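Have a look at the structure below before the remarks.
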């Protein structure tokens, strides 16, 4: 019997070096203490009230940070009195793609196919192409591979029965290697652990400054393997067209990121009014360091379905079906998932897995906890669908169609990027207004990196947690539509349709430990009162400055010793979001001469949704919860995609 095959190759090299990047670096005058060419600088920091050292836009260079001076020596020279540097960022990419397909007609009732697809994308880091410019280190090396294989078989069992099977496998590997130049410890920063990402630094001096390195352009790897088997059977029996089948699939996903592992140094000009001036005197706005982000997960999937298209008579056709699609949660290989229960906390229940965990938290291995899945399996996930088509007059010129159905979508595996960096597995510390030369000064015990991970793992003060409840419902989309079509004359077709969608169980993050706002100043006894809570501070002090946010959180107010001192921002994934869409679609088409069709349409619609209005939910961390604690509907508004007239 016949065979057919084809193959192809495509390669696309790209080379460019536009001189379109701009940064600002310290000038010789600035290094001599003369900042008269820039905006007026503050003599006192509005952040902490300490002197900045500037008088009439001048400062004694002896007050400069040794770390800042060491970094400045490696920066390119300023091209004018403002510190401007214009430079190019070389771009060199190579893309390759190979594709092949084989079709084989084994015999009159049996055919087979095979397909392969291979792609590769390579892009060296700009710093390797221009090693004389340290400002080009903010982009990583990229080496990305993708393989896809598929085989299939179609069997004509009889004139009324067809069986088709497909097996597909996909593999992707993304490797990103950040540039190696120097780390901040080499520049003189005290107490900084650089073992996660040696020879790499993250420094942002902005606005009006420069950047070295970038968290998302650092060393990272992602490997993803998927395989799926689908089997479909189509049978014609009298006036019925039956379809039934199923699918099974397996995913294995492994990622390793280092967004904040090297330590992220941010200088914003909040002290003097100039980012470059703050940099030279070693005044930062924030410093953040975190452990590497590991998210190795695997997922299993299976589904069964059946459908029927029933031709009742020449004017009526019914379609209906049912799909069973259990929600099988991801399995986290490292068990990096946890839950929090206020009932457990109030009862003094403590984890048996981690000795230093706050009360109320449970982990894989604790009594009743659902293992490395972190949540229960949803077995009762059924998706029914039904519809009809009616030829109103029997002459094929007027039709009415309607359908309704339920579909499901499952949470994105990336949601566990946040559970994986919650204590004790992930340590993420943010310090406000530290010194460039010693960012850990004043922190209890100084740098907590690298942490020791075991049963006695330490939990940092006011850690940020993202937790998962034991039950989450999959997002459910309920859709329905009704359309009326009418042919006018021989070449006009007019259609009017109503479209409706209601989505429930959309993923959101709920704040479980919000900070209470206490208005005004403390009374003579140092007490602040609000919402039934009492907060203790100094007599006459402002009750709710930003500097005591963690101390005003609910768990700190009601249970400081056992829980509150270890828990800062605490967010829980909840499937409580929703959206509604209603639309009217009018479509007019005219068949013109010589095979040309002219069409026009108009849609009048409105979409309202929860604050987070994407189906898989907002994959934000502990501080990205919905607006008002206890009132998730407060943020309900028009969808981000709402368009009234199209």
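Numbering (the working numbering), first residue to last: 135 to 780.
Note that CB positions come from ideal geometry on N, CA and C, so glycine has one too.
Since the model is a prediction, treat every value here as computed from it, not as a measurement.
Does DSSP put residue 191 in a helix, in a strand, or in coil? coil
Out of 468, 517, 520, 488, which has the shortest C-alpha to C-alpha gap to residue 508? 468
Take residue 365 as the anchor and find which of 436, 404, 611 has the nearest alpha-carbon. 436
Whether or not the segment 531 to 539 and the segment 372 to 386 are in contact is what I'm after, with contact meaning three or more pairs of Cβ atoms, one per stretch, closer than 8 Å; do they touch? no
Return the chain-ordered list of same chain residues with a C-beta closer than 6 Å to the C-beta of residue 737, the five sequence neighbours on each side being excluded. 717, 719, 780
Please report the straight-line C-alpha distance between residue 621 and residue 449, rounded to a whole angstrom. 16 Å
Does the beta-carbon of residue 291 have 16 or more other beta-carbons within 10 angstroms, so that it is buried, or is it exposed? exposed
Whole angstroms is fine: what's the gap from residue 465's alpha carbon to residue 280's? 24 Å
Between the CA atoms of residue 196 and residue 749 - distance to the nearest angstrom: No answer about residue 749 holds up, because its pLDDT of 45 lies below 50 and its placement is not dependable.
Nearest to residue 672 by CA position, among 680, 666, 663, 659, is which residue? 659
Could you check if residue 669 is buried or exposed, using at least 16 other CB atoms within 10 Å of its CB as the buried criterion? buried
Work out the CA separation of residue 331 and residue 415 for me, nearest whole Å. 26 Å
Please name the residue, chosen from 626, 709, 571, that lies closest to residue 604 on a Cα-to-Cα basis. 709
Candidates 357, 723, 554, of which the one nearest residue 619 by Cα: 723
So, residue 404 versus residue 233, is the Cβ gap smaller than 8 Å? no
So does the segment 237 to 253 actually touch the segment 211 to 225, counting three or more Cβ pairs closer than 8 Å? no
Expected contact under 8 Å - CB spacing of residue 236 and residue 248 to nearest Å: 5 Å
Could you tell me the alpha carbon to alpha carbon distance between residue 563 and residue 335, rounded to whole angstroms? 17 Å
Assuming residue 661 contacts residue 687 (C-beta within less than 8 Å), just tell me the rounded distance between them. Not quite, the Cβ-Cβ distance comes to about 18 Å (not below 8 Å), so this is no contact.
Rounding to the nearest angstrom, what Cα-Cα distance links residue 678 and residue 685 in this structure? 10 Å
Excluding five sequence neighbours on each side, which residues of the same chain lie with their C-beta closer than 6 Å to the C-beta of residue 205? 321
Considering just the uninterrupted stretch of the alpha helix (DSSP H) at residue 478, what are its terminal residues? 476 to 480
Quick one: what does DSSP say residue 289 is sitting in, helix, strand or coil? strand
Evaluate residue 651 with the Cβ neighbour count: other Cβ atoms within 10 Å of its Cβ, from every protein chain shown; 16 or more gives buried, anything less gives exposed. exposed
Residue 743, enclosing beta strand (DSSP E) - first and last residue: 731 to 743
Under the rule that 16 or more other beta-carbon atoms within 10 Å means buried, what is residue 477, buried or exposed? exposed
Would you kindly work out how many angstroms separate the C-alpha atoms of residue 307 and residue 211, rounded to a whole number? 39 Å
Would you mind sorting residue 339 into buried or exposed? The rule is 16 or more other CB atoms within 10 Å of its CB. buried
Just the Cα atoms here: how many angstroms apart are residue 725 and residue 631? 20 Å
Does the contact criterion of 3 or more C-beta pairs under 8 Å hold for the segment 450 to 459 versus the segment 516 to 526? yes
Three-way DSSP call (helix, strand, coil) for residue 137 in this model: strand
8 Å Cβ shell around residue 691 - same chain, five flanking residues per side excluded: 650, 667, 668, 669, 698
Quick one: what's residue 278 bridged to in DSSP? 255, 308
For residue 140, does the count of other Cβ atoms within 10 angstroms reach 16, so buried, or fall short, so exposed? exposed
Which residue marks the beginning of the alpha helix (DSSP H) containing residue 99, and which one marks its end? Given that the chain is displayed from residue 135 to residue 780, the structure contains no residue 99 and the question cannot be resolved.
Along the beta strand (DSSP E) that carries residue 645, what are the first and last residues, could you check? 626 to 645
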